[in-house]
Each structure stands twice: as C-alpha cells, then as structure tokens.
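Inspection log for the structure reproduced underneath, given as structure tokens.
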Amino acid sequence: MILKVKFAIQVLTVLKNNIMEDTMLIRLTNKKAIALLHDMEELNLIKVLKENITNSTSKLSDKYRGVFSKEDAKSFNAHTQKMRKEWENI
Numbered sequence: 001m002i003l004k005v006k007f008a009i010q011v012l013t014v015l016k017n018n019i020m021e022d023t024m025l026i027r028l029t030n031k032k033a034i035a036l037l038h039d040m041e042e043l044n045l046i047k048v049l050k051e052n053i054t055n056s057t058s059k060l061s062d063k064y065r066g067v068f069s070k071e072d073a074k075s076f077n078a079h080t081q082k083m084r085k086e087w088e089n090i
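Residues in the sequence shown are numbered consecutively from 1, following my numbering.
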C-alpha cells in the first residue's frame, strides 16, 4: 500500500564544522516511515519542512480566484492586453 503522503526533508550533513543542506522530496510507502522520520527529526538528524504535500493540478484561475478586487482584475487584464499588443507590433 502506497501512502499518498509526501515529505520535503532537509538532510543536514556535518562536514568539518560546515553544514551542508540538501532537500529531498520522497513518497512514503509504509506508515511506519512517518514515525521514523519524526524520530529522526527529534534527534536533529533531519528537519521535516512540510507534511501532506499534494500535487496541485488545479488551474491558475482557480488558484487565484478572489485574490484581486474586480477593479484591480479589470485593470490588470487591460494592462496585460496592452502589453500583448505591443509585443505583436515588434
């Protein structure tokens, strides 16, 4: 059974008093791995950056709906159209 839980893990490697940081994205295949990762974090071996990351396949229009006021959105749209026409004339 593959868990659809992903963790972004920051692996810290100590080399002669220098700390090297690497970030990995992994998919857990066993529920026991969650507990192991949290145990490793308590031992300061890793740092769990985010939990329950899901793939975002939503449209940008859905993601940003409601962020702008209607006036700002119309102004932004008009500006974008103007810029596109300028590029077409080049």
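Where a beta carbon is used, it is the ideal one built from N, C-alpha and C, also for glycine.
Bear in mind the structure is a predicted one, so any value in this text is a computation, not a measurement.
Tell me the rounded alpha-carbon separation between R65 and I90. In the sequence shown, residue 65 corresponds to position 65, counting from 1. In the sequence shown, residue 90 corresponds to position 90, counting from 1. Computed Cα separation, rounded: 32 Å.
Could you tell me the distance, in whole angstroms, from the CA atom of D62 to the CA atom of N30? The residue labelled residue 62 in the question sits at position 62 within the sequence shown. The residue labelled residue 30 in the question sits at position 30 within the sequence shown. For D62 and N30, the distance between alpha carbons rounds to 33 Å.
So, with DSSP's three-state summary, where would you put T23? In the sequence shown, counting from the first residue as 1, residue 23 sits at position 23. T23 falls in the strand class under three-state DSSP.
So, with DSSP's three-state summary, where would you put I90? Locating residue 90 in the sequence shown gives position 90, counting from the first residue. Of the three classes helix, strand and coil, the one that applies to I90 here is coil, per DSSP.
Measure the alpha-carbon distance for L60 versus L36 and round it to whole angstroms. Within the sequence shown, the letter at position 60 stands for residue 60. Within the sequence shown, the letter at position 36 stands for residue 36. Roughly 36 Å separates the two Cα atoms.
According to DSSP, is K178 part of a helix, a strand, or is it coil? Nothing about residue 178 can be reported from this structure: the residues present for the chain run from 1 to 90 only.
Same chain only: Cβ atoms within 8 Å of A78, ignoring 5 sequence neighbours per side: Looking up residue 78 in the sequence shown gives position 78. The answer is none, since no qualifying residue turns up.
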